[in-house]
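In order, the protein sequences belong to chains C and B. What the first sequence shows, in the numbering used here, is residues 4 to 398, in sequence order. What the second sequence shows, in the numbering used here, is residues 4 to 398, in sequence order. Each residue gets a CB set at the ideal place from its N, CA and C atoms; glycine is no exception.
There are 2 protein chains.
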Amino acid sequence: MVSEYMYKIGTAPSPIREFFELGRAKAAELGPENIFNLSLGAPAVPMPEEYRQEIIRLMMEEDQVKLHTYTTTAGDEAARTAIAEDLNKRYGTNYTRANLYMTAGAAPAICAVLNAIRNSEDEEIALLAPYFAAYNAMIKGARMKKLEIKLPEPDFRLDLDAIEKALTPKTVGLIINSPNNPSGIIYPAEDLQKLGEILTRKSEEFGHIIYLISDEPYREILLDDVEVPFTANFYKNTIICYSYSKSLSIAGERVGYALIPSENEDFAKLYPAVAGAAGALGVSNAPSLFQKALVKCAHLHSDNELYKRNRDLLYKELTGMGYVCTRPQGTFYMMVKALEADDKEFCRRAAEMGLIFVPCSGFGWPGYVRVALCVPEDVAVRSIPVFKKLWDSYQ
Amino acid sequence: MVSEYMYKIGTAPSPIREFFELGRAKAAELGPENIFNLSLGAPAVPMPEEYRQEIIRLMMEEDQVKLHTYTTTAGDEAARTAIAEDLNKRYGTNYTRANLYMTAGAAPAICAVLNAIRNSEDEEIALLAPYFAAYNAMIKGARMKKLEIKLPEPDFRLDLDAIEKALTPKTVGLIINSPNNPSGIIYPAEDLQKLGEILTRKSEEFGHIIYLISDEPYREILLDDVEVPFTANFYKNTIICYSYSKSLSIAGERVGYALIPSENEDFAKLYPAVAGAAGALGVSNAPSLFQKALVKCAHLHSDNELYKRNRDLLYKELTGMGYVCTRPQGTFYMMVKALEADDKEFCRRAAEMGLIFVPCSGFGWPGYVRVALCVPEDVAVRSIPVFKKLWDSYQ
């Protein structure tokens, strides 16, 4: 019979989808020009022109049989080499293609990694709230437990004491996501350094490795002149899950990877276990065309100017009105404190006015909402008076 | 710590890979022109020109932000509608996009389906040997058991009595694959009819549905003027897993779907459970570009002429020498009886002569080998004297 477990996952209310659909309904009622849909985390700028030209060139000039055939199971060899070299240049690392396993986006990489480090259904994966809502289904898919650790408002930095206290002997992995969806916060190097020390200490205390699973789809979406510290440089048992969805504006094309540094204590077993889990889950390779176009383009990323301008505008205007907001340095999201305790009610009232964003209760931090900055600039500009109207309605 | 379970899957010997690698090594020794690599099941003809032109057009003319963004979770709506309409025209069915869930090839569809019908780790999935070797890892990935049912040589048709006797109260699904990899056999309509009756009877007897999971990546790879009976028309609780890998020669691009007919008794729960499992496994959508190009091209498929010519040649020449072979009507594979009991030893002796094919012991039918027909015609032609030399070496 049908699995109740998977049925529940498939029918679990998605806060993002609920408010996205509400936005659609409101558009029919109020007219699409009166809807300010800040609910979806999809790129709003095109892929880099050089990447587009390379895809077209491959489609026009290359042998079409070879271009579209199976890559090796771990992904196209030349693409993996290009990615490793680009990382080495930027982060002083020493990776080769043997550290990379290509996947169809970051989600399959995370799922393969969870299964690769899982030994029983009692084991826990620690999440730092606020966190990306989809981790819930991934942890359930691996038939593991979630351990939620709340980071303190209003800036949602790493609370190292809270993390150290929360970890239990059943914790086998901790997912971090910096720049963070939904807060936009980048965890600073000194905090990552201390986090690495905590994980080392706790791994020793518990007698097993606690893996740091670093989900980095926003690593290149930077809104200030800042560096994102490279997580794997702070803790040896780190696995990086990456996606080009945002950095190359190809969210629908599904290209990403698991990066398993050789520094991992268990590297010789870990990499084949990730490969085995990927095969066993049916997590297939990334599409060949988009992989092969990376050979020349692994260093590129889309232009973040639009996201930056929207961040500048919305942060200034909303804080000016009195809203409590994070000031995102990366991603294209901002967290805003709801004007009532129930963030879903707050989202519903905003939606009545045409302003669509999503409650953070799905991201482990009720009482806040996530406002997406990846919209055309005029949408951001024209949303300002509606944010004011929403504010006034609560006074 | 690293999961031994996934590590074992990731390091399990792959018969295909082993002999493919041996072929590479031999190429270095004997010269690539003296290697006849009939080990890999990858398309040897290009995608249809109309599909290529449509992909280029989308890349040159369409809004690049919309083209490459997330599709809906179930896949691009227009593409699903086009696929449903094409199926309806060909098979007299009545599908809509609501019956389709796009996946990155057939493997993720199968994995999502297995998880969607799984309720405990005692449950079995029945496989009809010879079967596609990768099902083993997929069943392990769903943490289920395999029930192997051997079909009789030399033509590997459905042995209905054997199937009826083999099913147990723990059997919750049966995978069929017609045209079959590795035999090339197409199961006839009357056998599918009887199989449907058996599954209906046994489902009633056991008090739970036995799903028919029909893996159909070779549905369009036909080598004679034959029809492939449409499995879902013979048994209501059928789920079809499809891939465009072979039919459009895009094995590396990862486009396929799960088709869940509304006739399924549990449709209202089954579809969301498949969707839930897909999300929980990280089985992402098919790439947007290749989906959107299907809107105009869902009816196309690559030219099978090369495979047909290679089948004609190799079947005639090999049977003429005395080999026992299946006569494939579909796929681009042929099963050949090994000339000694140990099919792996037979493959090794052939490889010494430059002739590379894979043992069927990995496909559940030891004593045979799988010869791939998806090679340039001159490779097939020039392999004939080597097959003769191999034959003679056993006399």
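Inset, instruction - Would you list the one or two residues that DSSP bridges to B/Asp381? - result: Partner(s): none; B/Asp381 has no beta bridge.
Legend entry - Limits of the beta strand (DSSP E) - the one that C/Cys363 falls within: Unbroken run through C/Cys363: none, as it is neither H nor E.
Legend entry - For B/Phe270, the nearest candidate out of B/Asn240, B/Leu215 and B/Cys244 (CA to CA): B/Asn240
Inset, instruction - List the DSSP bridge partners of C/Asn399. - result: Beyond the ends of chain C as shown, which are 4 and 398, falls residue 399 of chain C; an answer cannot be given.
Legend entry - Enclosing alpha helix (DSSP H) for C/Lys340 [first to last residue]: No alpha helix (DSSP H) holds C/Lys340; the beta strand (DSSP E) holding it covers Tyr336 to Lys340.
Inset, instruction - Below 6 Å CB to CB, which residues in the same chain sit around B/Trp368 once its five sequence neighbours on both sides are set aside? - result: Ala132 and Pro133
Inset, instruction - With distances taken Cα to Cα, identify the nearest neighbour of B/Ser246 among B/Ala235, B/Asp158, B/Ala261 and B/Thr234. - result: B/Ala261
Legend entry - DSSP-derived helix/strand/coil call for C/Met4: coil
Legend entry - Identity of the residue in B/Phe23, B/Met4 and B/Glu7 nearest B/Phe360 by Cα: B/Phe23
Inset, instruction - Out of C/Lys392, C/Tyr8 and C/Gly370, state which residue places its alpha-carbon closest to the alpha-carbon of B/Leu117. - result: C/Tyr8
Inset, instruction - Excluding the 5 residues preceding and the 5 following B/Lys340 in the sequence, name in chain order all residues of the same chain whose CB lies nearer than 6 Å to its CB. - result: Val327 and Tyr371
Legend entry - Nearest to B/Ile113 (by Cα), restricted to the options B/Ala137, B/Leu202 and B/Lys249: B/Ala137
Legend entry - Three-way DSSP call (helix, strand, coil) for B/Ala28 in this model: helix
Inset, instruction - Determine which residues of the region 276–291 of chain C have a Cβ less than 9 Å from any Cβ of chain B, and write them out in chain order. - result: Ala276, Val277, Ala278, Gly279, Ala280, Ala281, Gly282, Ala283, Leu284, Gly285, Val286, Ser287, Asn288, Ala289, Pro290 and Ser291
Legend entry - C-beta neighbour in chain B for C/Leu273, strict 8 Å: yes
Inset, instruction - Report yes or no: do three or more beta-carbon pairs, one from the region 200–213 of chain B and one from the region 347–357 of chain B, lie closer than 8 Å? - result: no
Inset, instruction - Indicate whether at least one CB of chain B lies closer than 8 Å to the CB of C/Ser252. - result: yes
Legend entry - Cβ shell of C/Tyr274 (< 6 Å), same chain only, five flanking positions each side left out: Ile263
Inset, instruction - Determine the direct distance from the alpha carbon of C/Ile38 to that of B/Leu292, and round the result to whole angstroms. - result: 28 Å
Inset, instruction - Decide if the region 63–79 of chain B is in contact with the region 45–64 of chain C; the criterion is three or more beta carbon pairs, one per stretch, under 8 Å apart. - result: yes
Inset, instruction - Could you spell out where the alpha helix (DSSP H) holding C/Ser291 opens and where it closes? - result: Ser291 to Lys295
Legend entry - 7 Å Cβ shell around B/Arg330 - same chain, five flanking residues per side excluded: Tyr318
Inset, instruction - Round the Cβ separation of C/Val258 and C/Gly365 to the nearest angstrom and send it over; I've been treating them as touching at under 8 Å. - result: Actually they do not touch by this definition, with Cβ atoms about 26 Å apart.
Inset, instruction - With C/Gly259 as the anchor, note down where its alpha helix (DSSP H) starts and where it stops. - result: C/Gly259 -> not in any alpha helix (DSSP H); beta strand (DSSP E) instead, spanning Gly259 to Leu262.
Legend entry - Between the CA atoms of B/Pro379 and B/Asp306 - distance to the nearest angstrom: 14 Å
Inset, instruction - Please classify C/Ser396: is it buried, with 16 or more other beta-carbons within 10 angstroms of its beta-carbon, or exposed? - result: exposed
Legend entry - C/Leu131 in three-state terms, based on DSSP: strand
Inset, instruction - Go to B/Lys197, then tell me how far its alpha helix (DSSP H) extends in each direction, as first and last residue. - result: Ala192 to Phe209
Inset, instruction - Would you identify the three-state DSSP class for B/Met9, choosing helix, strand or coil? - result: helix
Inset, instruction - Show which residues of chain C have a CB atom less than 7 Å away from the CB atom of B/Tyr10. - result: Lys272, Pro275, Ala276 and Gly279
Inset, instruction - Report yes if the C-beta distance between B/Glu127 and B/Lys168 is below 8 Å; otherwise report no. - result: no
Legend entry - Collapsed DSSP secondary structure at B/Gly176 in the structure displayed: strand
Inset, instruction - Pull up the distance between the alpha-carbon of C/Glu21 and that of C/Tyr94, whole angstroms please. - result: 40 Å
Inset, instruction - With a 10 Å radius around its C-beta and 16 neighbouring C-beta atoms as the bar for buried, classify B/Leu33 as buried or exposed. - result: exposed
Inset, instruction - Specify the secondary structure class of B/Asp306 as computed by DSSP and reduced to three states. - result: coil
Legend entry - Proximal residues, the region 305–318 of chain C versus chain B, C-beta separation under 9 Å: none
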